[in-house]
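Below is one structure, written out as structure tokens; comments come after it.
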Amino acid sequence: MEKKNIDWANLGFAYTKTDYRYVSNFKDGKWDEGGLITDDTVTISECAGVLQYAQTVFEGLKAYTTEDGKIVTFRPDLNGERLENSAKRLEMPVFPKDRFVEAVLETVKANSAYVPPYGSGATLYVRPYMFGSNAVIGVKPADEYQFRVFTTPVGPYFKGGVKPITIRVTDFDRAAPHGTGHIKAGLNYAMSLHAIVDAHNQGYDENMYLDAKTRTKVEETGGANFLFVTKDGKVVTPKSDSILPSITRRSLIYVAKEYLGLEAEEREVYLDELKDMAECGLCGTAAVISPVGKIVDHGKEICLPSGMEEMGPITKKLYDTLTGIQMGRIEAPKGWIYEIG
Ligand SMILES: *Cc1c(COP(=O)(O)O)cnc(C)c1O
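According to the working numbering, the sequence shown holds residues 126 to 466 in order.
Right under this line is the structure:
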């Protein structure tokens with residue numbers, strides 16, 4: 126398919142309308158057949174459950190053009206599984222993960238003219254989501270829902286090279302114990318907006334949230350999990366019931382162990398251990414790993430030995446290996462790559 130005339134390398138992370146989106150509606154206790162449409166607008170009741178009580182969950186993944194010219198997505202089955210869990214927690218009907226994967230592949234295929242070419246650094250971002258669509262005024266779950274998948278081409282995350290970021294330990298909390306921190310829900314983002322705007326106003330790139338109960342343990346940022354490398358070369362990621370289980374982070378742990386022969390573990394990470402870490406990064410679909418150079422805890426600076434100029438050496442190896450797998454330069458573990466037929 127002929128590609129659209131887009132300046133791929135200069136795209137930002139912004140919404141660009143593409144030609145097709147997938148829609149399925151839930152009514153009378155079941156999902157309809159679903160299918161692709163061209164209308165990019167949504168018409169719902171002014172009293173829809175999503176508008177009144179924020180009953181909505183979402184996912185995010187990417188489609189890539191590999192070195193040999195195939196269009197692929199990375200582990201969409203895990204996004205489908207996670208959306209199932211998110212929906213259950215908000216009393217929404219489950220959109221089955223097999224149908225989820227089909228819907229993602231179908232939407233990407235229909236928009237293949239928007240999948241950036243190999244080597245451009247750009248990707249096609251895929252946003253599946255669902256929301257309560259019928260009128261709800263008394264507080265209860267909606268009866269009707271819409272599941273939708275749209276795509277948008279996005280530019281290279283690191284334009285002009287990777288730059289380590291500076292983050293602050295924030296006094297705001299992101300998630301309560303036994304709350305909704307572990308699901309991918311818009312509500313977790315709405316309440317993080319004030320904290321991120323405040324961080325930016327104070328000159329920081331991101332917030333490091335601590336566990337709300339003891340405020341001694343590292344949780345995550347507003348939209349990415351942490352990954353640390355200890356001074357003896359071990360990869361460590363924080364374990365908590367109130368962080369979102371990042372697919373990137375879980376994949377990096379596997380890569381660390383199985384591809385790089387490193388020790389890797391998921392465990393509680395205390396704030397006062399950070400001064401002993403050699404490297405730190407944020408992991409998520411958008412950037413894969415975004416290196417952290419400095420963490421500021423109420424005026425006290427923790428400078429990672431990897432510095433403010435480049436990724437730490439182990440972070441870099443992890444990044445190169447996982448992006449190599451995604452772009453088809455390195456053989457992937459079985460089941461990680463879904464080709465668009
Ligand atoms: C989506 C998300 C992540 C990253 O997850 P990936 O599956 O790696 O993209 C991390 N934290 C939060 C809060 C998220 O919403």
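Just so you know, even glycine gets a beta-carbon here, dropped at the ideal spot from N, CA and C.
- Looking at the DSSP output, Asp422 sits in a beta bridge with Lys425.
- In terms of Cβ geometry, Ile321 and Asn332 form a close pair [threshold 8 angstroms].
- Annotation: the continuous alpha helix (DSSP H) that includes Ile378 extends over 372-383.
- No residue range can be given for Ile465, since it is assigned to no alpha helix (DSSP H) and is classified by DSSP as neither H nor E.
- The residues Val219, in chain order, have a CB closer than 8 angstroms to that of Lys213 in the same chain once the five nearest residues on each side in sequence are set aside.
- For Ala212, the secondary structure class from DSSP, reduced to helix, strand or coil, is helix.
- Ranking Gly280, Lys356, His325 by CA distance to the CA of Gly137 puts Gly280 first.
- Per DSSP, Tyr329 has no beta-bridge partner at all.
- DSSP, read as helix, strand or coil, puts Lys187 in strand.
- DSSP, read as helix, strand or coil, puts Tyr444 in helix.
- Taking the CA atoms as reference points, Glu434 sits about 6 angstroms from Pro289.
- For Gly160, DSSP records a beta bridge to Val148.
- Only residues of its own chain outside the window of five on either side were considered, and among them Phe183, Glu184, Gly185, Val274, Phe275, Thr276, Thr277 have a CB closer than 8 angstroms to the CB of Arg252, listed in chain order.
- Here His303 is exposed: its Cβ has fewer than 16 other Cβ atoms, across all protein chains shown, within 10 Å.
- Contact between Glu383 and Val360 does not hold, since their C-beta atoms are separated by about 12 angstroms, which reaches or exceeds 8 angstroms.
- Under the three-state reduction of DSSP, Ala173 is assigned to strand.
- Residue environment analysis places Asn236 among the buried positions, since at least 16 neighbouring C-beta atoms fall within 10 angstroms of its C-beta.
- For the pair Pro201 and Val175, the CB atoms are not nearer than the 8 angstroms cut-off.
- Contact check for Gly347 and Arg293: beta-carbon distance about 12 angstroms, past the 8 angstroms limit, so the pair fails to qualify.
- Here the C-alpha atom of Glu426 lies approximately 19 angstroms from the C-alpha atom of Phe297.
- Taking C-beta atoms as the reference points, Ala310 and Ala173 fail to come closer than 8 angstroms.
- Taking the Cα of Trp133 as reference, the smallest distance to any Cα among Val421, Ser371, Gln327, Ala247 is reached at Ala247.
- Shortest Cα-Cα distance from Leu447 to any of Lys419, Gly285, Val197, Val380 involves Val380.
- When secondary structure is reduced to three states using DSSP, Glu227 falls in the helix class.
- Distances between the C-beta of Leu399 and the heavy atoms of ligand 1 are all 7 angstroms or more.
- Within the chosen limit of 7 angstroms, ligand 1 reaches the beta carbon of Ala349 through at least one heavy atom.
- Contact between Ile462 and Thr440 fails: their C-beta atoms lie close to 23 angstroms from each other, not under 8 angstroms.
- Taking 8 angstroms as the upper bound for CB-CB distance, Tyr239 and Ala411 are not in contact here, some 17 angstroms apart.
- Its chain contains Pro266 as the residues whose beta carbon lies nearer than 7 angstroms to that of Glu216, once the 5 sequence neighbours on both sides are disregarded; these appear in chain order.
- Residue Leu352 holds the alpha-carbon nearest to the alpha-carbon of Gly437 among Pro458, Leu352, His325.
- For Gly205, the secondary structure class from DSSP, reduced to helix, strand or coil, is helix.
- In the DSSP assignment, Gly286 falls outside any beta strand (DSSP E), carrying neither H nor E.
- Measuring C-alpha to C-alpha distances from Val287 to each of Gly460, Asp366, Gly418, Leu203 identifies Gly418 as the nearest.
- Distance from the C-beta of Ile414 to the nearest heavy atom of ligand 1 is not below 7 angstroms.
- In the three-state reduction of the DSSP assignment, Pro253 falls in the strand class, which pools E and B.
- Leaving aside the five residues that flank Val233 on each side, the residues in its chain whose CB is nearer than 6 angstroms to its CB run, in chain order, Ala188, Ile465.
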